[in-house]
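Keeping their order, the protein sequence lines are chains X and F. Letter 212 of the first sequence, counting from 1, is numbered 212 in my numbering, and no numbers are missing. Letter 277 of the second sequence, counting from 1, is numbered 490 in my numbering, and no numbers are missing. Idealized CB from N, CA, C, for every residue including glycine.
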Amino acid sequence: MQLQLQQLLPVYFDESQRNASEVWRRDLIFSKGEYVKIVAPSGSGKSSLMHFLYGLRNEYSGNIVYNNQDIRNYSAEDFASFRKDHVSIVFQDLRLFPEQTVFENIELKRQLNPFHAAEKIREMAERLGIGNKLSSKSRICSYGEQQRVAIIRALMQPYDFLLLDEPFSHLDDVNSQNAMQLMLEESKLRNAAIIFADLERIDYFPYTRLFHL
Amino acid sequence: MAVSFTPIRSLLQTGTNTSSRWFSYLGLGIGVLLLLCSIQMFINIQQLLGGESPRKEGYDFISISKTITNETMGQREKNLFNENDIKEIAAQPFIQGVSPLVATRFRVELSAGDIIPFSTNMFLESLDNNFIDTVPPNFNWQEGQDYIPIVFSSDFLEIYNVFAPGYGLPQLSEATASQVMVYITCYGENHVQQTFRGSIVALSDRVNSIIVPKNFIDWANKKFGSTSDVKASRLYIKTKDANNPDFLSYLQQKNYKVNKDKTKFGRVKQVLQGIFSGLGIFGLLVVILALMLFSFYLQLMIARSKDNLQLLLMLGYSPNWLSKNVSKQFIPVYILVVVIALGLTEGMQWAFHHFAMFNRPELSSWLHWSVLATSLLLIGLSLITNYRMVKKLLYKLV
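As C-alpha cells, then:
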C-alpha cells in the first residue's frame, strides 16, 4: 500500500509558493508504517493537501496515486470504500453531527466497518477524558472535547493512512500527548502510516520523515 | 455485520414539513382509489353487457328486414333478401359483416315430449356463429346426428312463460329450460318426415330467433325443402356504430327496417366505458401529481439534511447504499396507502355487486386480478421513481 504524490499543486497556487515547498510539485511516496510530519505555516495549503489526499476536492494539477490507481478516476462508490477501509482523517474543523450525542457520532463511523467492538468507544473516551460526555450532544461540547471525539471517531475503522490536520489545535499539552499516544498505538495495530500536518513541529510525534510545505 | 440505518434516520430532518408529506400521501391515496375503481367499473361494464369475448368488442349487432308494405305483401321475392342484396350490403364501408338468418323452407313441428304436453308448428333459423352472442362449444351438428343443439332467444322464453299458465303448462327458469329435451319433426314433400331430439344449449339476448347449427339448416333445406337458393327474411349486421348517419340513411333509402332496441345497449355501454375511461385517466393524473408532490417533499428533505448527508458521504457511507435506504423509508407508507385504496375499492365493488346489482352472477364481489396487478404496478412505480430521485440528489452531494 503506497500513497504517491506526483507533481501535486493546487490550481489556485502561484509559482512562488511552488518553489519554496518540499511537497508541492515534487514526487513523493508514502508507505505503510511511516510517520510523516508536514510543517506548514498558515496559508501554505495544509488543509488543501489533506482534502486532496482524502478525495474531498480535486482542484489540483498532478496526480495522487493510491495503490497504483489515480484517485482522480475514482467513482463516488470507490471513494466511499476508500474512506471506509483505507484512509481515515481528523479534520481541522472536526465535522461532527451537532445534534447527535458523542457516542452516536463515533458509532456512526464505527458501524460502517468496525475495527473495534462498541465497548472500545467508552474505553477510549475514558482514556482521553471525555467518558462523561458520551451522552451529551456534540454541539454543547467544548472545542477541546469535540476534537477528542473526532480523534476517537477516526480510530474506529481499519486504515492504511491516518491523515491529521491540526488535530490538537484546541488541546493542552497533556491531552494532546495522551491523544497522540492513543493514535500511535492504534496505527501500530494496523501497521498504518500517519501523515500529520501542523503549524509547527510537535515534539511528541516521533516522525520518520519531515517536510516543509 | 450489516450497516444499520437506524442511527441515520434521525439525521434526515423530516419533522418540519409533515403536512406536505401527508398531503402527498392523501393525494396518492385518492388518485390510486380513483384509478382502481375506474378499472374495476370498466371491467364490470364489460362483464355486465356481454363484452367478454373480444370479437364482439366495439361492434353493434343489429338485425334488419325489408319493410313489408301493402304493395309488396303478396310478393315473397320482394320481402326477402337475395344474394345480390346481401353482397351490396356487405360492400358498404360502414358495415363490417353481414350474415343472413336462413330459415327452414319446410314445416317444422316442435313438441316437448311427455313431461310438458305441448306441441307447436315452428321455424328454425341459422346464423354465422360470429354473430351469436352466446355460442357454447357443443353448438355443432354433423350429418347422421339426431341431436340438435339450439340457441334460444331469451325473449321467446319470456313469451312462453307469459302464456304457459293459461295453457296449464309449467313455467320454466333459464336453467330448467336447457334441461328439457324437445322433439323436432321435419316434414318434407311426399310425406317424408324425420324426428330429431334437441335441447337449448344457450339463451341469446341478441338474436330473436331459434338458432340451430348452419350446416343442419343447409342439409335440411335440401332434404325437406323445395328451393336451395339463399333467401333470408332477416339479415344480421355487424357495424362499428349503429348510429352512424350514413348507415341509417342507407337503410332508409333501401327501405330496410332496423331493430333499434338492440342498438341501445351498445350505446349505453360505449358511454359508460367512456365515462370510466375518463375517470381512470383523471385518477392516473392525480397519481402523477401526488408523486410529483412527494418528490418535491423528498427534494426539500434532502436539501434540509444536506449537511448531514454530505458528512455521511465524507465518512465513507456509500451513496448507493444511502439512496436505497432513504427511499426504503417510504415503502411501508406507500404499501399502506395502496392497500387502503385497494380495500376501499373492494368495499365499493362489494357494495356495487350486492346493493346495485343484486348479486348478479355475471359479476363478482371480488376485485378483478387486473386491479390487483395495477396496484402492485403502482407500488413498484412509486418506489422506483423515489429511488431514482434520491439517488440523483445524493450523487449531487458527493
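Exercise for the section: Whole angstroms is fine: what's the gap from residue 499(F)'s alpha carbon to residue 244(F)'s? Expected result: Looking at the two C-alpha atoms, the distance is approximately 5 Å.
Practice task
With a 10 Å radius around its C-beta and 16 neighbouring C-beta atoms as the bar for buried, classify residue 275(F) as buried or exposed.
Solution key: buried
Practice task
Check whether the Cβ of residue 26(X) lies closer than 8 Å to any Cβ atom in chain F.
Solution key: Taking 8 Å as the CB threshold, residue 26(X) stays off the interface with chain F.
Handout entry: DSSP state of residue 59(X) mapped onto helix, strand, coil
Key = coil
Practice task
Rank 161(X), 172(X), 55(X), 91(X) by C-alpha distance to the C-alpha of residue 129(X) and give the top, closest one.
Solution key: 172(X)
Handout entry: Local Cβ density within 10 Å of residue 313(F), reported as buried at 16 or more and exposed below that
Key = When all chains shown are included, residue 313(F) counts as buried.
Problem - Sequence-distant residues of its chain with Cβ nearer than 7 Å to residue 610(F) (five each side left out) - result: 519, 522, 523, 526
Practice task
Quick one: list the residues of chain F neighbouring residue 97(X), beta-carbon separation under 7 Å, in chain order.
Solution key: Neighbours of residue 97(X) in chain F, taken as residues whose beta carbon is under 7 Å from its own, are 224, 521, 524 in chain order.
Problem - Own chain partners of residue 22(X) with C-beta closer than 8 Å, once the 5 adjacent residues on each side are dropped - result: 211, 212, 213
Exercise for the section: Just grab the DSSP bridge partners of residue 193(X) for me. Expected result: 161(X)
Problem - Cβ-based neighbour list, residue 268(F), same chain, cut-off 7 Å, excluding 5 preceding and 5 following - result: Note that residue 268(F) scores a pLDDT of 38, beneath 50, so its modelled location is shaky and nothing firm can be said.
Problem - Contacts that residue 533(F) makes with chain X (C-beta to C-beta distance below 7 Å) - result: 77
Practice task
Could you name the residues that DSSP lists as bridge partners for residue 399(F)?
Solution key: 321(F), 407(F)
Exercise for the section: Determine, using beta carbons only, whether residue 268(F) comes closer than 8 Å to chain X. Expected result: Note that residue 268(F) scores 38 on pLDDT, short of 50, meaning its location in the model is unreliable and no value can be drawn from it.
Exercise for the section: Tell me whether residue 156(X) sits in a helix, a strand or coil according to DSSP, three-state version. Expected result: Correct three-state label for residue 156(X): coil.
Practice task
Please name the residue in 199(X), 200(X), 157(X) whose C-alpha comes closest to that of residue 183(X).
Solution key: 157(X)
Handout entry: Residues bridged to residue 69(X) (per DSSP)
Key = 66(X)
Practice task
Could you tell me if residue 273(F) is buried or exposed, where buried requires 16 or more neighbouring beta carbons within 10 angstroms of its beta carbon?
Solution key: Residue environment for residue 273(F): buried (at least 16 other C-beta atoms within 10 angstroms of its C-beta).
Practice task
May I ask you to report which of helix, strand or coil DSSP gives residue 334(F)?
Solution key: strand
Exercise for the section: Since I believe residue 425(F) is in contact with residue 361(F) (beta carbons under 8 Å), could you give me their beta-carbon distance rounded to a whole number of angstroms? Expected result: With 8 Å as the limit, residue 361(F) and residue 425(F) qualify as a contact, their Cβ atoms being about 5 Å apart.
Practice task
Check whether the segment 141 to 158 of chain X touches the segment 115 to 128 of chain X, counting contact only when three or more Cβ pairs, one atom from each stretch, lie closer than 8 Å.
Solution key: Touching, per the Cβ criterion.
Exercise for the section: For residue 603(F), name the three-state secondary structure that DSSP assigns. Expected result: Here residue 603(F) sits in helix by DSSP.
Practice task
Count the C-beta pairs between the segment 482 to 494 of chain F and the segment 574 to 583 of chain F that are closer than 8 Å, then say yes if the count reaches three, no if not.
Solution key: no
Practice task
Answer with yes or no whether the minimum CB distance from residue 139(X) to chain F is below 8 Å.
Solution key: no
Handout entry: Beta-bridge partners of residue 313(F), as assigned by DSSP
Key = 448(F)
Problem - Inter-stretch contact (C-beta, 8 Å, three-pair minimum) for the segment 73 to 92 of chain X and the segment 537 to 557 of chain F - result: no
Exercise for the section: Answer with yes or no whether the minimum CB distance from residue 80(X) to chain F is below 8 Å. Expected result: yes
Practice task
Confirm, please, whether the CB-CB distance from residue 277(F) to residue 450(F) is below 8 Å.
Solution key: yes
Practice task
Pick out whichever of 345(F), 571(F), 242(F) has its Cα sitting closest to the Cα of residue 311(F).
Solution key: 345(F)
Practice task
Would you mind reading off the limits of the beta strand (DSSP E) that contains residue 239(F)?
Solution key: Run containing residue 239(F): none in the beta strand (DSSP E); it sits in the alpha helix (DSSP H), 231 to 261.
Problem - Residue environment, residue 265(F), which counts as buried when at least 16 other CB atoms sit within 10 Å - result: Residue confidence is low: residue 265(F) scores 39 on pLDDT, short of 50, so the model does not pin down where it sits. Its coordinate-derived value is still stated next. Under this definition residue 265(F) is an exposed residue.
Handout entry: Outcome for residue 222(F) when other beta-carbon atoms lying within 10 angstroms are tallied against a minimum of 16
Key = exposed
Handout entry: Under 8 Å between C-beta atoms of residue 489(F) and residue 286(F)
Key = It is not a contact, given that the beta carbons lie outside the stated cut-off.
Practice task
On a CA-only basis, which of 56(X), 71(X), 57(X) is nearest residue 63(X)? Give me that one, please.
Solution key: Out of 56(X), 71(X), 57(X), 71(X) has the C-alpha closest to the C-alpha of residue 63(X).
Practice task
Could you confirm whether any beta carbon from chain F is found closer than 8 Å to the beta carbon of residue 186(X)?
Solution key: no
Exercise for the section: Report yes or no: is there a C-beta of chain X within less than 8 Å of the C-beta of residue 611(F)? Expected result: At least one chain X Cβ lies under 8 Å of residue 611(F).
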